[in-house]
Each structure stands twice: as C-alpha cells, then as structure tokens.
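Peer 1:
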Amino acid sequence: MDRRTFAQLAALSPALASTQAIETALLTHADGPHLSAYIEGLAKTPEAGTVYLCDPTGATVEAVKKGIGAKLAGTFQSPQELLRARKPKLALITMEAGLAPPVIDAALEAGCHVMCEKPACVRAEDFAPLAAKAKARKQNLMLALANRVDSVIGEARRIVQSGEIGKMYGMEMHTIADQTRLTRPAYQKTWIAKKSRAGGGHLIWLGIHWLDLAMFISGSRITQVAGFSGNVGGQPIDTEDSASIAFRFANGTFGNLTSGYYLDRGKQLFIKVWGSQGWVEIHYQEENPLEWYSTKNGKGETRRFKPEGPSGGYTPYVQHAVRAAMGAETPVLSPDESLHVLKTIFAAYKAAETGRTQTV
79 MDRRTFAQLA
89 ALSPALASTQ
99 AIETALLTHA
109 DGPHLSAYIE
119 GLAKTPEAGT
129 VYLCDPTGAT
139 VEAVKKGIGA
149 KLAGTFQSPQ
159 ELLRARKPKL
169 ALITMEAGLA
179 PPVIDAALEA
189 GCHVMCEKPA
199 CVRAEDFAPL
209 AAKAKARKQN
219 LMLALANRVD
229 SVIGEARRIV
239 QSGEIGKMYG
249 MEMHTIADQT
259 RLTRPAYQKT
269 WIAKKSRAGG
279 GHLIWLGIHW
289 LDLAMFISGS
299 RITQVAGFSG
309 NVGGQPIDTE
319 DSASIAFRFA
329 NGTFGNLTSG
339 YYLDRGKQLF
349 IKVWGSQGWV
359 EIHYQEENPL
369 EWYSTKNGKG
379 ETRRFKPEGP
389 SGGYTPYVQH
399 AVRAAMGAET
409 PVLSPDESLH
419 VLKTIFAAYK
429 AAETGRTQTV
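Residue 387 in my numbering sits at position 309 of the sequence shown, and the numbers go up by one each step.
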C-alpha cells in the first residue's frame with residue numbers, strides 16, 4: 079500500500095486508521111541526539127499509536143510525556159526490560175554512537191524494525207553485522223538520514239536519474255555549519271566532541287547526509303575516496319571541524335565534498351550535478367532552492383522547483399519510518415545503504431590519515 083492510498087483510506091475511515099496504529103519503542107538517554115525531533119515526529123504521526131520509552135538515566139521522561147501526551151504508555155529502565163514486556167513494531171533509537179550497536183542488535187533480535195540516529199557506531203565493523211541481520215530477517219534498519227524524504231532532493235533525484243540532464247559527468251557539494259558551537263565549553267564536554275565516543279566530527283555528524291545524498295541522487299555508489307580532515311579552527315576538541323573529500327562513483331564519474339564548521343551562525347548547503355545535457359543545482363538559501371538546465375529538448379531551458387510547505391526534516395522521516403514498519407511505504411533507505419555510507423565515511427577518515435586513496 080503506498081502513502082497516498084493509506085492516507086485516502088484513513089480519511090475515509092478513522093476506525094481503520096486507529097487499527098493500523100502500531101506500538102513504537104523510543105530508546106534513548108540523557109543527551110540523546112535530536113530527541114526533541116523524534117518526540118515531535120511521534121506526536122505528529124497518527125500511525126504511531128502507543129509509545130514505550132526506555133531511558134536508563136530517567137532524564138528524558140518528562141520531555142517525552144510533555145511532547146507525546148497520552149501516547150506514552152510506559153517507561154522502562156533497560157532495552158531488555160522493554161523488549162521482554164512489549165513487542166513494538168518499530169524501535170526508534172537515538173543514542174551516543176558508541177553505545178548504540180548492542181541496543182540496535184537487541185531490537186532486531188526482538189523482531190523490531192529499526193530507525194537509528196546516525197552514526198550509530200564508532201566503527202563500520204560494529205554496524206556491519208547489524209545490517210546483515212536486518213537484511214536476513216527482512217527488517218528495516220534505517221539511519222536517520224532524513225533528507226531522503228525531502229521533496230527538493232526527490233525532485234533532483236528524478237531529474238538526474240530520468241536522464242533530463244543526460245549522462246552524469248560530476249558532482250560538487252558543500253555542507254557548512256557554525257564554528258560558534260565549538261567554542262562553547264558545554265559543547266566541548268559532550269560526547270559529540272570526542273572521537274572515541276562519536277566516531278568523528280563534522281564529516282560523520284553532518285557530512286554523512288551529503289555523502290548519502292550523492293549516492294541517492296546519482297543512483298550510483300561511491301567506490302573510492304581520498305581527501306583530508308583536521309581541526310583547522312583550533313578549538314579544544316579531538317574531532318575534525320573540517321574535511322575535504324574527493325570520491326569516485328561506480329558509474330565512473332567523480333565528485334567532491336567540503337564538510338566543515340566555518341560560520342558564525344546558520345548553515346550553507348549546496349549540491350550541483352553536471353551532465354552531458356545540462357545541470358542541477360540545489361541551494362537551500364534561495365527562495366526556489368532547486369534549479370536545473372537542460373538541452374534535452376533541443377534548446378537550453380532553465381527551470382526551477384519550489385516545494386509547497388516544509389520540504390523535509392525529522393517529522394516526515396519518523397512518519398515514513400512508522401509507515402514503512404507497517405508495510406504502508408517502501409523504505410527509502412536499506413540496511414545495505416546505511417552500512418555503505420558508514421563505510422564511505424570511515425574510508426574517508428583512513429584516506430586522510432594515510433594520504434592514500436581508499437576503496438570502499
């Protein structure tokens with residue numbers, strides 16, 4: 079059943095919509111990343127019925143109660159306790175990267191589909207058996223790469239893969255956030271600022287989105303990477319604040335990514351794809367964030383795409399994860415794809431450390 083069909087049936091029959099709602103587990107802890115976004119997503123997803131919270135620290139209970147109200151049906155001290163007592167269809171896991179793998183494994187063992195906050199590991203080798211298990215059991219295992227459900231990204235993917243700009247030649251990307259956060263002592267003490275607990279810095283926290291989109295838009299996997307990473311701003315953290323990565327796609331074309339904390343505030347996000355018959359450009363700071371040029375019809379023509387309303391974010395992605403767990407939508411991200419983007423990130427780190435191109 080596709081998304082539109084489910085929405086039509088739900089509108090015709092509220093009773094049907096309620097019977098389609100599923101149990102969901104939210105597994106987190108104090109400082110669970112993007113927790114407020116997960117709470118909002120669950121609150122705004124009709125198909126997410128009862129929600130069971132696991133937080134050994136107890137620090138998030140009040141926020142979850144306030145955010146989802148009567149949907150919160152119980153709290154537990156450990157994943158094992160929750161998964162023994164309940165049989166949730168979907169587990170949403172937002173935890174420190176180094177702590178996530180055994181919890182993901184427990185959820186998969188309990189038969190749950192899983193959506194987990196990236197990077198969900200500090201080594202790709204820790205995620206690989208989870209992806210294999212999910213694939214073998216036909217369970218969803220999706221990193222929280224929410225841009226895949228963004229309508230702007232979806233339109234760019236359609237343009238590139240439909241051949242409207244001809245054969246793909248190359249790609250250029252940047253994802254830039256603020257350096258200001260790195261200067262704050264409170265941030266410097268968080269697990270996100272410690273490589274042993276986070277796996278890396280800007281590249282694995284924010285750059286991962288853009289490397290995933292490079293493959294999602296092009297329809298081709300990254301097979302080789304080279305580049306540099308380091309702390310160019312000099313703040314007292316042991317993760318990188320800057321990375322410059324070059325990559326080769328399986329289709330033989332090339333791309334590059336600049337990933338860093340450079341600004342005083344805000345973000346600058348950019349993607350451009352060139353083809354034999356035109357180009358596509360995404361610039362989120364523009365009123366019309368997607369523009370493309372094509373000579374396919376015999377003359378050069380520039381067109382623009384402006385999404386109607388919010389085009390992406392965690393709420394639509396949580397909604398998609400719930401509906402995918404129900405079988406109402408096809409997952410936009412497979413276990414293999416989740417693993418491959420992690421392998422790409424860690425190959426990029428190794429390339430930076432060794433000065434040698436790495437095969438993914």
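Glycine included, each C-beta is placed from N, C-alpha and C at the ideal position. Note that the structure is predicted; figures quoted are calculated from it, not measured.
#1: Mind reading off the beta-carbon distance from Lys165 to Gly189? Whole number of angstroms is fine, and I expect it under 8 Å.
#2: What's the C-alpha gap between Arg299 and Lys267?
#3: Is any beta-carbon of chain C found at less than 8 Å from that of Ser296?
#4: Whole angstroms are fine: how far does the CA of Glu125 sit from the CA of Ala85?
#5: For the putative contact between Phe294 and Arg226, defined by C-beta atoms under 8 Å, what is the C-beta separation to the nearest angstrom?
#6: In terms of residue numbering, what span does the beta strand (DSSP E) encompassing Gly227 cover?
#7: Assuming contact is defined by CB atoms lying nearer than 8 Å, are His280 and Gly338 in contact in what I supplied?
#8: Pick out whichever of Val400, Ser307, Gln98 and Gln313 has its Cα sitting closest to the Cα of Tyr265.
#9: In terms of DSSP beta bridges, what is Lys350 paired with?
#10: Can you tell me whether Gln397 is buried or exposed, with buried defined as 16 or more other CB within 10 angstroms of its CB?
#11: In this structure, how does DSSP classify Met293 when only helix, strand and coil are distinguished?
#12: Relative to the C-alpha of Tyr105, which residue among Ala137, Ile360, Val410 and Asp228 is closest?
#13: Applying the 10 Å Cβ sphere with the 16-neighbour rule, what's the burial state of Ala321?
#14: Going by DSSP in three states, Pro367 sits in which element: helix, strand or coil?
#15: Go through its chain and collect everything with a Cβ distance to Ala271's Cβ below 7 Å, but skip five positions before and after it.
#16: Do Ile423 and Lys345 have their CB atoms nearer than 8 Å?
Peer 2: The short version:
#1: 7 Å
#2: 36 Å
#3: This model lacks chain C altogether, as it is built from one protein chain only.
#4: Low per-residue confidence applies at Ala85: pLDDT is 40, beneath 50, and the placement is therefore not dependable, though the value from the model is reported in the following sentence. Our two residues, Ala85 and Glu125, have alpha carbons roughly 10 Å apart in a direct line.
#5: 6 Å
#6: Reading the sequence as shown, one finds Val at residue 227 and not Gly. First-last for Val227: undefined, no H or E at that position.
#7: Yes, the Cβ-Cβ distance between His280 and Gly338 is below 8 Å.
#8: Gln313
#9: BP columns for Lys350 point to Glu250 and Glu359.
#10: buried
#11: helix
#12: The question names Tyr, yet the displayed sequence has Leu at residue 105. Considering only alpha carbons, the answer is Ala137.
#13: buried
#14: coil
#15: Tyr265, Ile315 and Thr317
#16: Lys345 is positioned such that its CB atom lies no closer than 8 Å to that of Ile423.
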